Structures are given as C-alpha cells and as structure tokens.
Amino acid sequence: MIKSGFFERNLKYLFPLPALLFVLLLMVFPVLYTLFVSFTDWTLTSGRPMKFAGLGSYLKILGEPRFLDAVGRTFYFTIGAVLAEAVLGTTIALVLNREFRGKNTLKFILLLPLVATPVAVGIVFNLFYDPTIGFLNYILSILGLPQSGWVTASSTVLPSLMLVDIWQWTPMISLIVLAGMAGLSNEPYESAKVDGATSAQTFFHITLPMVMPTILTAIILRAVDALKTYDIIYAMTGGGPGYSSETLNILAYKFSFEYFNMGQASSILVFLFFIVLLFSLGVTKIRKLFEL
Amino acid sequence: MKRVLAVLLIVSLSFAVFAQGATEAPAKQQEIRVLLANHPYGELLKPLIPEFEAQTGIKVNYESLQESQLTQKLTTEFATGSSTVDVFMTRPLQEGLLFIKNGWYGSLAKYDFSDYPAASVELGRKDGVPYIVPLVIEWQVMYYRKDLFKKAGISVPTNFVELEAAAKALTKDGVAGFGSRGKGAAAVTQFSSYLYNYGGLYLDNNVAVFDTPEAIDGFRFYGRLLGTYGPQGIASMSWENLMPVFQAGKLAMWTDASVFLGQVVDPTKTQIPAEDIGVAQLPAGPKGDSPFIVTSWGMAMSSKSKNPDAAMQFLNWATSKELAVQGMLSNIPMSRNSAWANETVRKNMNAELIATQAHAAKNGYPLDRPFMSAVGQARDLIGEVIVEAINTKGTSTRLPALATEKVKAVNELLKADGEYGGK
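As given, the protein sequences belong to chains A and B, one line each in that order.
Heads up: the first sequence at position 282 corresponds to 320 in the numbering used here, and the numbers run straight through without jumps.
Heads up: the second sequence at position 406 corresponds to 407 in the numbering used here, and the numbers run straight through without jumps.
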C-alpha cells in the first residue's frame, strides 16, 4: 500500500531511478565484477569452481612476455595513430574553415569513413592489403616500387593497422577542431593583420594556441578509443602474424574466450582500465595548461 | 495533479510489461532453442526446419553463428548459468573435453549409436555416458591444378620428396607452388598430418611430445615448403586467405581439409574451370602415411534443457539417416556408416574425394590437434613453433629449444587442468 504523499515527497528520487539502475547494472556492476574475478584463479578448462587467489593472476600476467609486448604495442599503436590523426585532422579543419566551392560535398565525403562499420572496413582493407592478389601491391608493382607484406609481415603490420585507424578517424578530429575554430573571435586576427603578421605567424601564434584546448579534447577522445581498439585488429589480423599485432584488448579477448582463463583475462582488463584512466588524467592536465 | 500524472506514468509503463505476458500466456506449444554453426550442414538444416515443426508441433528457434563465436556464446551462456539452449552443434575436438568436464552436455544414453564408427563416439564419451552425436567428418587432402601439372610435365606427388620437387617446379609466373595454413594456431590442424608422416605426435598419452627429433624434422619440412614455395605472407594465412588465392589461379597445390571442395570448384567463386582442379591424398612422409581424419562437428543436447523430450526429438531428426544422405549429396562428408554405403551417394559424389576418404579412413589418425581442455592456448603455443619454422624456411637453429619450451608450457596446462599423463 502506497501512502498518500509518498510520490510528491520522493519524486526527485523516483524519476532518475531508471537511469540510475541502468548505470549501476550495466556499467558499474561489470567493472566491479571484473575487478572481483581478477582476484580469483577462475579458469573454465580446469572444471574447478573459482577460488580467491589474491594477486596471483596479476603476478602471472606480469610474468607473461606477451603481456609486456602487448602494453608496448598498445601505446605504439595509440600514439602513432592519434598523432597522425591530430595533425591531419587539424590540417583538414584549416582547409574546411575557408569558403570555397564544393565545400559541403567535401565535408560529406569526409564523413563517410566515420559511419562505416569497423569490421567491414577491416575486411575491405584486408583485400587491399593482400600481398598476392591485393590492390596496393599491384599499384606498387606498376610504379616499380618494392612490394610490402602489409598486415602479413610482423614488421609492417602495426603501421598498416594504424593506417586504417587514421583513414577512419581523422574526420572525427577535423569535425571537432572545425567546431572549435568556428567559435574563435575575430579580434585577435584583425589586430594581427594591423600589425602585419604573416599567415604562418597568424597560424602558429594565434590560431593554434586558441584551438589547442579543442585539439587536446579531440585527442583525449580519440586516444581513449585507440587504447581500446579491438574491432579492426581482430577482424584484420586476429593479433597476428604470430603475436605481432596483439594489443591489450586482443590479449584479454584471447585469454577469456580462447583460453577460458577468466582470472588472468580480468587482470589484463584492470591494467588496461588504469592505463586509460591515467592517460586521460595526464592529457586533461596538459589541457588545463593551455586554458590558463 | 503531479500525483495523478505519476500514477498514470507507472500504470502505462506496467501495461507494456503485462501486455507482453498476456500474449505469451495462452501459447502451450513446445519451444526449443537451437544453435547452429555457419557450416554447410547448418545451411542444409535451416530450410528443412519448418518440416520438422509441421510434423511434431514443436517450435524451433534457431540461431546461426560462425564457429568460434558459437563456442564463445555457448561457453558464456553455460558458464554464467543463464543458458536457454536446448540443442547445439559442437566441435568435439575443440570444446568436447571442456564441455564434458563442466557438465554442460546432456546425456545421450538413449541415442542409437549403432550406425557410427565406434572411435568417433568414444571421443565424446566419459565414464560410459555418450554426450556427442558425430555429425560431419573431415580429413586432409591436397587440392591441385591439373592443367599446371600437365604443362610442367610432372605427375601428382605421392611422397614428400616428390612434393617438394613439384612445389619447386610449379613456383613460377606469379604462381606459388605450394600453400597450406601458416597462421599459428590455425595451422596446427593442417600441420598435424605432416607431423604424423614424419613419425611425430602432439600428445602421447596426454604428455606433450612435439619436440622429438622426428617432430622437429616435420616442423622444418613444413617451414621450408611454405617459406620457400608459399604465397607471400603465408605465415599469417589461414584457409580463408588461401582459398581466394587458389581460386584466383595463383596457387598450384593446397593442402587443407576436405570440406572445402564444394567451394573450390564453385564456378561463381573460382576462376579455374572445375575440370582443372584435382583432389589427391596427402603425399606420404618418410615415416608414415597418416593424414588426419576427424569428427569435425557433432550435435549435442544441453544438460540444462528445460524441454529434454522435444530436444531429443529434434536431435534424432537432425542427425537422421535420411538427412545424412542429403548431406552427402551436397558434398558434406557425414559420420554415419550407412550414408557412405548408400548407392545414390556413391554414384554422385566426387570419385577422387571418395578415394581420399577411403585412404584416410584406412591409414589416418583420428586427431588433428592436441586433445585437451586448454586446446586454444596449446594451439597458440604450437603455432609459435610453426611460424618460426616458416619465417626461417625451416633452418632456425633455435627451433628444437623453442619446441622444448612450448612442450613444457603445454604440459603445464595439462597439469593445471588435471589431465597430464592420463584422463
């Protein structure tokens, strides 16, 4: 039986309740559960029930050479891809910030990679990259250049994957930076013009410092995503050849769904969680410097 | 007023909940959930399911998944105790032990296994209780280009020496002479026959032994063959990468599972006329002639099934003699003995394929991978040795040490799961 006035008194709690439940059940619970599993030795292959193992899973993972390699690759992939995206994205935003014919068409074309499904993108790029029957080696052979193994050689696999990430996500940085540029005031430009600044000086001393916070925001968003990249790597190489494109997320996937070693897989994910967290905090700090 | 609105909101929300319950309530029809693989046999079953529904009045909700996704979905559902699956396709060698150990398969003591080769039923049995109905078999064959052999004036190789000579002779004009899986874990199954033909094994009585001198010779030969005569990037190629290369006419010989013949000769997918494509048995090695021949797919019931009778009915139907014959006629090699004895089948199936099956059934080895619960991790470990062999064209000086290191790691896995040195 609901007492009269109960609703009025508790409306402010009742209305957000569904959203709160959603967050608790679907976002907070999985994180806490992963944390819990990471302190157990739960494997499905042994058929034994899970047992508390303290830091056992963490120690085993730290002793696994594939883990340290994966940490390195995760950073290499993220830093390489996101830096290139930031530079290219900002350049494209500068071009798009002017008025010219066909600007809207160009903007539309630039948006297309963003809406493509990563797995489909991966499959198409694999066809381009195929060393024997692929398009890219065909082009290289026509130009008389040496052919590349692309994603099939351990020396070129990560740059090849980065290229796909850059192709797909540069437009996102462009869009964010473009929005940031639209909000800049005109006054500094006018005074610069009066003082006779060259266009290079205007760019490096006015535009860049003013849009830097926006660029850094775009970098945070992209980097957090890139650290967790899974879809294109899994679809294109599955972490291969050998283990040479195995990033932390791919490694965690293998430990959980191929090795059924849930304890160690969870500890990898907890590591990844803290890496993403620290990275975001770090870049946010840098961003604050520019805002002052 | 606010209160009225709030009550209205809650009432209208609950309507949605009750409404769903109301439509489901009168349905007393039996329902089962079936998980199929994206495998030719799954494709064969799907259009026939309405017939089963009409005959029995049982509603079948089926889902179709790619093989590794199927394992993942089943494992996740069973491990979290949330499974509503009744019947599913399963890979006995990949997940059989894992599922039996965790008690996820339902007992099939009532099923009639008299029409199946005893060894194939044995793999899915524990403590006398059978759990898996063998469905589809596969064995290793060699697909080859008859036209290229004719042009080069050589005959189909029958042993590894001739195989290497043929690979050398056929590697020219942008065509790779020989291909087989080189991608670590995926290569483990196709390398197995080479290992056996060199006198090696992955596991011997549940102890890893793939670092014996015989095994090392096998790794070296496979690595030399693929590294020297294989298509570029072979160390990261599985069947899905090799097939298009073969279909594009850039590969002269390709050893892989028998299951791909239908796609290899499919005129909509291949640029090579079907009459130029041959199927031969795997050449013999210096110490053996045992291509793998395995039960690649089976069908099983969930131990958690809420509808075991309906599930059993479906299982009996989906693994029936009649459907096995239909499978054979669609080029799917089935486990049932009666399907192979069928006259129509023998008349219609590819004669070369039948010959390779007869050879494998007589001489073959019933496993194509280490048979253990942690097979996924073991395959990655063995795959490292295969990739090292390919990348060095079989000459790596650290190959024996690497193999010994991986043998140790696989034995650790066997010990951790309580499977070392016995069942």
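Glycine included, each C-beta is placed from N, C-alpha and C at the ideal position.
These figures come from a predicted structure and were not determined experimentally.
Of all residues in the stretch 239–263 of chain B, those with a C-beta nearer than 8 Å to a C-beta of chain A are 242, 245, 246, 249, 251, reading in chain order. Each residue's CA atom was taken as its position, placing residue 246/A and residue 260/A some 19 Å apart. Among the bridge pairs identified by DSSP, residue 88/B is matched with 35/B, 302/B.
According to the DSSP secondary-structure assignment, residue 65/B is paired through a beta bridge with 37/B.
When the beta-carbon positions are compared, residue 94/B and residue 418/B stay at least 8 Å from each other. Listed in chain order, the positions of the stretch 177–192 of chain B with a beta carbon within less than 7 Å of a beta carbon of chain A are 184, 185. For residue 386/B against residue 114/B, the beta-carbon gap comes to about 37 Å, at or over 8 Å, which does not count as contact.
For residue 417/B, the chain A residues whose Cβ falls inside 7 Å of its Cβ are 84, in order along the chain. At a beta-carbon threshold of 9 Å, the residues of chain B lying near residue 191/A are 233, 234, 236, 237, ordered along the chain. Take residue 96/B, set aside five residues on each side of it, and the residues of its chain with a beta-carbon closer than 7 Å to its own are 72, in chain order. For residue 67/B, no chain A residue has a C-beta closer than 7 Å to its own C-beta; the minimum C-beta separation is roughly 12 Å. Here DSSP, grouped into helix, strand and coil, assigns residue 102/A to coil. Remark: C-beta atoms of residue 394/B and residue 278/A do not approach each other more closely than 8 Å.
With a cutoff of 8 Å on beta-carbon distance, residue 265/A and residue 112/A are scored as near each other.
In the structure shown, residue 126/B falls within a strand segment according to DSSP collapsed to helix, strand and coil. Interface criterion met: the Cβ of residue 76/B is under 8 Å from a Cβ in chain A.
At least one CB atom of chain B sits nearer than 8 Å to the CB of residue 171/A. Scanning its chain for C-beta atoms nearer than 6 Å, with the 5 sequence neighbours on each side dropped, one finds around residue 173/A the residues 166, in chain order. Look at residue 345/B here: in three-state DSSP terms it is helix.
Judged by beta-carbon spacing, residue 167/B lies within the 8 Å limit of residue 254/B, meaning their Cβ atoms are closer than that value.
Beta-bridge annotation (DSSP): residue 81/A is paired with 299/A.
Look at the stretch 295–311 of chain A: the residues with a C-beta under 9 Å from a C-beta of chain B are 295, 296, 297, 298, 299, 300. Of the candidates 51/B, 174/B, 142/B, 261/B, 142/B places its Cα closest to the Cα of residue 159/B. The beta carbon of residue 212/A is closer than 6 Å to those of 127, 130, 131 in its chain, skipping five residues each way along the sequence.
Under the three-state reduction of DSSP output, residue 137/A falls in the coil class, being neither helix nor strand. By the CB criterion at 8 Å, residue 301/A and residue 81/A fall inside the cutoff. Per the DSSP secondary-structure output, residue 139/B pairs in a beta bridge with 295/B. With its beta carbon less than 8 Å from one in chain B, residue 280/A belongs to the interface. The C-beta of residue 243/A has fewer than 16 other C-beta atoms within 10 Å across all chains shown, which makes the residue exposed.
The alpha carbon of residue 161/A has as its nearest neighbour, out of 271/A, 50/A, 49/A, 46/A, the alpha carbon of 271/A. DSSP places residue 272/B outside both helix and strand once states are collapsed to three, so it counts as coil.
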